[in-house]
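Chemist: Below: one structure in structure tokens.
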Amino acid sequence: MTRTVLVALPLVVFAIAGLLAPVLAPVDPTAVDLAASLLPPSADHPLGTDQLGRDQLSRILYGAQISLAVTAAVLTISLTVGVITGTIAGYLGGRADRVISRVVDMAVSLPGMLVALAVIGVRGPGVVNLIIAMSLWAWAPYARIARARVAGLRGSPHLDALRLLGASPARVIGRHLLPPALAPCLVYASTDVGSIVLGVATLSFLGLGIPPPYAEWGQMLIEGRPYLASAWWLAYPPGIAITAVVFASNLLGERLAGDDERPSILRWVRPTARRRLADHVPTAAEGDVVLSVQDLSVGYPQRVVAEVSYEVRRGQVLAIVGESGSGKTTSVLAPFGLLDPSAVATGSATLGSGELMGLTPHERRLVNGRRVGVVFQDSLAVLNPLRTIGAHVDEAVRNAGRGGRRAATRRVTEELLRLVGLPDPAALARQFPHQLSGGMRQRVQIAIALAGEPELLVADEPTSALDVTVQAQLLDLLGRLRDELSMSMIVVSHDLAVVSRLADSVAVMYAGRIVESGPLTTVINDPGHPYTRGLLDAVPLPGAVPGTRFRTMPGRPGAGPDDSSGCAFAPRCPIAVTACTNDRPVLKVLTSAATHRSACSRGGA
Amino acid sequence: MRAPGRPRFAGRRVTRWAVDTVGVLLALTAGTFALVLLARGDPAAILAATRAGRSATPEQVEAVRAELGLDAPALVRYARWLADAVTGDFGLSLRTNTPIGPEIADRMGVTLGLVGGSAVVALAVGLAVGIAGAVLGPGLPRGALRGGALLVTSLPVFWLSYLLVLVLALRLGLVPTSGMAGPATWVMPMAVLGLPAAGALSRVVAVTLREALDRPYVLAAQARGSGWISIVFRDGLPNAAGPILSLSGITVGSLLVGTVVVEQIFGWPGLGDYFVQAAAARDVPALQASALILGGGFILANRLADVLQVLIDPRSRRDGGVPTPWLRKGTA
Ligand code: SF4
């Protein structure tokens with residue numbers, strides 16, 4: 043807010059200078075004193091004198107006065123004509139509205155400068171003609187804004203009620219439609235000041251605006267032109283005055299339009315802390331871990347993922363399961379920098395032996411697409427609609443350093459498409475994303491992910507929004523890839539049934555934290571956490587032990603990890619006790635298996 | 013597989029566009045003709061005086077009036093004027109008593125050259141700055157580019173000319189102050205006309221490109237290891253092409269109008285200069301002719317961009333997304 047006021051400051055100065063010119067000006071701006079012509083700035087003449095010995099400062103101030111007067115007149119006329127026209131059009135609707143809107147559209151599409159010049163050209167210069175010409179240029183946007191506002195109000199029940207009560211159209215328009223229509227127009231007017239001042243100055247500069255002896259800024263510049271080389275003080279002040287008003291007005295318009303300046307997704311996540319590994323005890327069998335994530339937290343800056351740790355072993359599939367909003371996608375994309383630029387990620391993630399957090403964009407390119415492939419959920423949105431399937435895969439092949447000449451690259455592409463089970467790869471490569479079915483696009487994504495022959499495939503909800511047969515085929519494909527290429531995978535899903543066909547181990551997420559993790563069979567047969575039990579209950583699995591039955595889980599899903607100081611699941615937990623809301627349970631190893639952990643203070647109850 | 017091409021849907025929109033455009037141009041001619049009705053002073057008297065070199069006698073004035081057909085009703089005169097205008101006959105200048113058509117044809121080249129040159133400046137600078145604005149993170153460089161773009165958009169063209177004349181011509185002596193002879197004289201008019209337009213263009217490029225870069229396909233491109241240059245040029249810009257193209261049309265239109273001031277300052281004998289001279293002398297027929305040509309050019313530049321946008325925007329196609337051949341080149 044204060045910044046908006048600051049931005050508008052030159053406009054305020056302009057208004058004050060214009061209003062108080064007779065008081066502020068040291069001398070009469072028209073007082074000619076040939077003996078004192080072309081004097082540089084001095085104590086007597088802070089901005090020097092012009093070729094006729096007139097005081098520049100006084101002329102600038104009076105210039106503000108005439109500019110302000112013309113601008114105010116033009117705005118008053120344009121606002122009145124525009125708002126009334128627009129309001130009537132919006133109120134009447136139907137054919138009258140269409141005709142008026144058409145005229146307004148045409149008026150908006152005309153070049154204002156030419157209209158003003160043409161009108162002055164036939165009517166001759168002068169202040170009155172200038173105001174008429176500028177109003178002809180300026181009125182139309184107000185009509186358009188007012189019409190849009192009123193058309194939006196027309197259908198409101200409030201207005202119907204007024205009409206039923208017998209309010210006359212004039213009253214409805216005057217009392218109930220004009221004021222709301224005026225508001226957005228006034229906002230626009232504050233940003234229109236600049237273009238009107240600029241228009242007046244330009245016309246005056248062309249000798250077709252405000253005639254001498256008025257001291258208008260554009261007029262001053264044209265008069266000072268022959269003395270440019272010798273008397274610099276004639277060139278700068280009027281120009282600076284115009285620029286300041288126009289710049290402030292433009293800046294104000296941009297601020298009012300709320301043009302937010304968030305950076306594009308292209309910016310990579312910059313973690314604040316490189317690693318916090320000190321207090322962490324490394325687990326056994328390091329050699330065979332492909333990806334190890336420790337204490338990962340992601341915030342915007344409010345945390346959505348808190349202290350998440352997981353591991354993926356060679357040739358194994360880790361499933362991450364949870365409701366939407368539980369932070370599962372964020373947890374798997376964060377190590378590869380695939381988050382919103384405003385996200386702050388902390389913790390550690392090692393791929394092989396290399397730390398992933400805090401990589402530069404260049405270093406990322408050596409990981410993404412080469413050592414890790416990603417399959418996203420929405421296959422239509424993640425493919426560029428303007429590029430062919432082949433172009434996408436070609437790019438992935440080139441990024442992975444497997445490309446060559448165009449034809450050689452395309453051969454690799456076709457091989458990849460065949461590998462994921464797509465028929466007629468050559469023809470398919472020439473098609474566009476929208477021409478494929480959802481299942482085919484998902485296969486294309488897998489082909490792209492495989493282009494770099496990665497160690498790890500990350501699949502975010504790879505089968506949701508597909509029908510059951512296609513789901514099964516895709517899961518078979520992923521299973522085949524794991525077996526044949528001995529690839530490690532992370533599969534994210536909201537559906538435990540889907541991943542149970544594929545996964546070796548599973549991590550269950552709730553409200554941004556992992557609440558249970560362990561080998562798939564252990565978790566399914568002997569779930570430690572009430573939430574997991576609820577999930578298992580919602581999807582009957584062969585061989586699963588039914589837990590306490592709650593068909594639909596009550597309570598609000600999707601809370602953040604820091605929303606409560608106790609167990610986030612407590613509001614929905616069927617076995618919650620008072621203690622649960624006080625202390626947050628930590629992941630504890632359960633007695634049944636060393637790798638099976640659960641975060642429930644009531645143990646394996 | 014469906015053959016890529018322009019299906020009927022786009023075709024219908026193009027037809028509607030053409031009808032609309034003719035309508036707007038007709039409205040422009042009506043507005044332009046109406047200038048003569050607004051005019052102060054009797055055109056017949058002015059032309060008669062020009063011919064006689066002094067105040068004309070009433071008989072001379074009446075003779076000119078009959079010659080110009082000014083007795084007929086306004087609608088008839090409009091029809092006659094429009095029919096003549098279409099063939100390039102705009103009548104006689106009240107100021108010089110010479111035919112306007114050939115004069116305009118002579119000057120057209122100067123103006124088109126100026127507009128073309130400054131359009132290149134505007135597009136090159138605008139795109140470069142806009143891309144930087146979309147890709148850079150918050151910080152000094154982006155703030156400076158953004159502020160600079162807004163500042164240069166706010167500079168009055170005539171004052172920017174002064175500044176350049178002061179520095180480049182008078183202080184450094186790199187280029188002549190005015191005139192139109194040789195490449196050096198082109199530098200300042202093109203910069204003065206092109207840079208403010210570049211500022212406006214860069215803002216739109218930055219905003220639309222950033223929007224196009226916020227789509228999931230960019231995340232996917234990052235996931236497959238594409239660098240930012242590839243992402244900007246293969247994914248971002250093609251998907252932002254619609255609004256950018258549309259604004260480019262508006263830019264070219266505004267450059268055309270800008271010649272009115274710039275030709276004045278640098279003494280280029282183009283259409284803009286002619287327009288101002290006509291306006292200053294209240295030479296109505298010449299004013300009408302140049303307003304028609306400049307205004308028509310402005311409208312066409314604006315609307316041409318709209319129709320191009322229809323043709324490249326996948327949403328305007330019934331089958332939802334086959335790009336035009338020129339877009340596919342280099343990406344396929
Ligand atoms: S800690 Fe308490 S509330 Fe949370 S899951 Fe366990 S029993 Fe339920």
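First to last, the sequence lines map onto chains A and B. Counting with our numbering, you get residues 43 to 647 for the letters of the first sequence. Counting with our numbering, you get residues 13 to 344 for the letters of the second sequence. Cβ coordinates follow ideal geometry from the N, Cα and C atoms, glycine included.
1) Starting from the C-beta of Trp275 of chain A, find all residues in its chain whose C-beta is less than 7 Å away, skip the five residues before and the five after it, and write them out in chain order.
2) Taking beta-carbon pairs under 9 Å, can you tell me which members of the stretch 224-245 of chain B lie near chain A?
3) Taking only beta-carbon atoms, is Ala15 of chain B less than 8 Å away from chain A?
4) Could you tell me which chain A residues have their CB closer than 8 Å to the CB of Arg52 of chain B, listed as they occur along the chain?
5) Applying the 10 Å Cβ sphere with the 16-neighbour rule, what's the burial state of Val150 of chain A?
6) To the nearest angstrom, how far is it from the Cα of Pro226 of chain A to the Cα of Ala188 of chain A?
7) Beta carbon of Cys227 of chain A: closer than 7 Å to some heavy atom of the ligand SF4?
8) Can you say whether Glu456 of chain A is buried or exposed, counting buried as having 16 or more other CB atoms within 10 angstroms of its CB?
9) Can Arg575 of chain A be considered in contact with the ligand SF4, in the sense that its beta carbon sits closer than 7 Å to one or more heavy atoms?
10) Hey, could you find the ends of the beta strand (DSSP E) Arg555 of chain A is sitting in?
11) Per DSSP, what kind of secondary structure is Ala549 of chain A in: helix, strand or coil?
12) Within the present structure, is the beta-carbon of Pro569 of chain A separated from the nearest heavy atom of the ligand SF4 by less than 7 Å?
13) Is it buried or exposed, Val170 of chain A, if we count other Cβ atoms within 10 angstroms and call 16 or more buried?
14) Could you please tell me which residues of the stretch 146-163 of chain A, in chain order, have their CB closer than 9 Å to any CB of chain B?
15) What residue range does the beta strand (DSSP E) around Arg294 of chain B cover?
16) Just to confirm the assignment, what range does the beta strand (DSSP E) spanning Val534 of chain A have?
17) Could one say the Cβ of Phe56 of chain A lies closer than 8 Å to chain B's Cβ atoms, at least one of them?
18) Using a Cβ-Cβ distance under 8 Å, would Arg317 of chain A count as near chain B?
19) Going by beta carbon distance, what residues of the same chain come within less than 6 Å of Val486 of chain A, once the five residues before and after it are set aside?
20) Ordered along the chain, which non-local residues of its own chain (more than five positions away) have a Cβ less than 8 Å from that of Leu148 of chain B?
21) Check whether the Cβ of Pro403 of chain A lies closer than 8 Å to any Cβ atom in chain B.
22) Between Pro168 of chain B and chain A, is there a C-beta pair that is closer than 8 Å?
23) Across the stretch 204-222 of chain B and the stretch 237-256 of chain B, are there enough close Cβ pairs to call them in contact, namely three or more that are closer than 8 Å?
24) Mind checking whether the beta-carbon of Pro603 of chain A lies closer than 7 Å to any heavy atom of the ligand SF4?
25) May I have the straight-line CA-CA distance separating Arg555 of chain A from Ala549 of chain A, to the nearest angstrom?
26) Cutting at 8 Å between CB atoms, please list the residues of its own chain near Pro343 of chain A, excluding the five before and the five after it.
27) So, is Leu207 of chain A buried or exposed, given that buried needs 16 or more other C-beta atoms within 10 angstroms?
28) Flag this pair as touching only if the stretch 35-46 of chain B and the stretch 291-306 of chain B have three or more C-beta atom pairs under 8 Å; answer yes or no.
29) If distances are taken between C-alpha atoms only, which option among B:Phe245, B:Gly138, B:Gly248, B:Asn251 comes closest to Arg6 of chain B?
30) Given that Glu437 of chain A touches chain B, what residues does it touch there, using C-beta distances under 8 Å?
31) Check whether the Cβ of Ala618 of chain A lies closer than 7 Å to any heavy atom of the ligand SF4, and answer yes or no.
32) Does the Cβ of Ala348 of chain A lie closer than 7 Å to at least one heavy atom of the ligand SF4?
33) My output table needs one value for Ser198 of chain A: the three-state DSSP class, helix, strand or coil.
34) What does the alpha-carbon distance come out to for the pair Leu323 of chain B and Val335 of chain A?
35) Would Phe102 of chain B pass as an interface residue toward chain A - the criterion being a Cβ-Cβ separation below 8 Å?
36) Are the stretch 481-501 of chain A and the stretch 511-520 of chain A in contact at 8 Å, needing three or more beta carbon pairs?
Modeler: On the basis of the supplied data:
1) Position 233 of the first sequence, counted from the first residue, corresponds to residue 275 of chain A. Excluding sequence neighbours, Trp275 of chain A sits near Pro82, Pro83, Leu89, Gly90, Gln98.
2) In summary, the residues of the stretch 224-245 of chain B whose CB is separated from some CB of chain A by less than 9 Å are Ala224, Leu225, Asp226, Arg227, Pro228, Tyr229, Val230, Leu231, Ala232, Ala233, Gln234, Ala235, Arg236, Gly237, Ser238, Gly239, Trp240, Ser242, Ile243, Val244, in the order they occur in the chain.
3) In the second sequence, residue 15 of chain B corresponds to position 3, counting from 1. Only weak support exists for where Ala15 of chain B lies, its pLDDT of 42 falling under 50; the coordinates are left without a value.
4) For the purposes of this step, residue 52 of chain B is taken as the residue at position 40 of the second sequence. Neighbours of Arg52 of chain B across chain A, judged by C-beta separation under 8 Å: Val164, Arg165, Gly166.
5) Within the first sequence, numbered from 1, the residue matching residue 150 of chain A stands at position 108. Classification of Val150 of chain A: exposed, given that the 10 Å Cβ count is below 16.
6) One-based indexing of the first sequence puts residue 226 of chain A at position 184. One-based indexing of the first sequence puts residue 188 of chain A at position 146. Straight-line measurement puts the Cα of Ala188 of chain A at about 8 Å from the Cα of Pro226 of chain A.
7) Taking the first sequence and counting its residues from 1, one reaches residue 227 of chain A at position 185. No, since every heavy atom of the ligand SF4 falls outside the 7 Å radius drawn around the Cβ of Cys227 of chain A.
8) Taking the first sequence and counting its residues from 1, one reaches residue 456 of chain A at position 414. The residue is buried, with at least 16 neighbouring Cβ atoms inside 10 Å.
9) On the first sequence, residue 575 of chain A is found 533 positions in, with the first residue counted as 1. Flag unset: Cβ of Arg575 of chain A not near the ligand SF4.
10) Position 513 of the first sequence, counting from 1, holds the residue named residue 555 of chain A. Note, Arg555 of chain A: beta strand (DSSP E), 555-561.
11) Start at 1 with the first residue of the first sequence, and residue 549 of chain A comes out as number 507. Strand, per DSSP.
12) The residue you call residue 569 of chain A lines up with position 527 of the first sequence. No, since every heavy atom of the ligand SF4 falls outside the 7 Å radius drawn around the Cβ of Pro569 of chain A.
13) Counted from its first residue, the first sequence places residue 170 of chain A at position 128. Val170 of chain A comes out exposed.
14) Only those residues of the stretch 146-163 of chain A whose C-beta falls short of 9 Å from the nearest C-beta of chain B are listed: Asp147, Met148, Ser151, Leu152, Pro153, Gly154, Met155, Leu156, Val157, Leu159, Ala160, Val161, Ile162, Gly163.
15) Your numbering for residue 294 of chain B matches position 282 in the second sequence. Premise fails: Arg294 of chain B is in no beta strand (DSSP E) and is neither H nor E.
16) Counting from 1 along the first sequence, the entry for residue 534 of chain A is found at position 492. Annotation for Val534 of chain A: the continuous beta strand (DSSP E) segment containing it runs 530-535.
17) Counting from 1 along the first sequence, the entry for residue 56 of chain A is found at position 14. No - not a single Cβ of chain B is within 8 Å of the one on Phe56 of chain A.
18) For the purposes of this step, residue 317 of chain A is taken as the residue at position 275 of the first sequence. Low per-residue confidence applies at Arg317 of chain A: pLDDT is 37, beneath 50, and the placement is therefore not dependable, though the value from the model is reported in the following sentence. So no, Arg317 of chain A is outside the interface.
19) Counting from 1 along the first sequence, the entry for residue 486 of chain A is found at position 444. Here the set comprises Ile431.
20) Here residue 148 of chain B corresponds to residue number 136 of the second sequence, with the count starting at 1. Cβ within range, chain order: Arg154, Leu157.
21) On the first sequence, residue 403 of chain A is found 361 positions in, with the first residue counted as 1. Taking Cβ atoms only, chain B reaches closer than 8 Å to Pro403 of chain A, which makes this a yes.
22) One-based indexing of the second sequence puts residue 168 of chain B at position 156. Yes, contact with chain A.
23) The stretch 237-256 of chain B and the stretch 204-222 of chain B touch, with three or more beta-carbon pairs separated by less than 8 Å.
24) Here residue 603 of chain A is taken as the residue at index 561 of the first sequence, counted from 1. Pro603 of chain A Cβ: outside cutoff for every heavy atom of the ligand SF4.
25) On the first sequence, position 513 is the one that residue 555 of chain A refers to. On the first sequence, position 507 is the one that residue 549 of chain A refers to. It is roughly 10 Å from the alpha-carbon of Arg555 of chain A to the alpha-carbon of Ala549 of chain A.
26) Along the first sequence, one-based indexing puts residue 343 of chain A at 301. Taken in chain order, the residues that qualify are Val386.
27) Here residue 207 of chain A corresponds to residue number 165 of the first sequence, with the count starting at 1. Leu207 of chain A should be labelled exposed.
28) Touching, per the Cβ criterion.
29) Chain B is shown only over 13 to 344; residue 6 of chain B falls outside these bounds and no answer can be derived.
30) For the purposes of this step, residue 437 of chain A is identified with residue 395 of the first sequence, where counting begins at 1. Simply Ala233, Arg236, Ser238, Ser242, Arg246.
31) Within the first sequence, the letter at position 576 stands for residue 618 of chain A. Ala618 of chain A has its CB nearer than 7 Å to a heavy atom of the ligand SF4.
32) Against the first sequence, residue 348 of chain A aligns to sequence position 306. Incorrect: Ala348 of chain A has no Cβ contact closer than 7 Å to the ligand SF4.
33) For the purposes of this step, residue 198 of chain A is taken as the residue at position 156 of the first sequence. Looking at Ser198 of chain A - three-state DSSP - the assignment turns out to be coil, as it is neither helix nor strand.
34) Reading the second sequence from its first residue, position 311 is the one you call residue 323 of chain B. Reading the first sequence from its first residue, position 293 is the one you call residue 335 of chain A. The straight-line gap from Cα to Cα measures roughly 48 Å.
35) As a working note, residue 102 of chain B is residue 90 in the second sequence. Not closer than 8 Å to any Cβ of chain A, the Cβ of Phe102 of chain B fails to qualify, so no.
36) Enough Cβ pairs lie closer than 8 Å, so yes.
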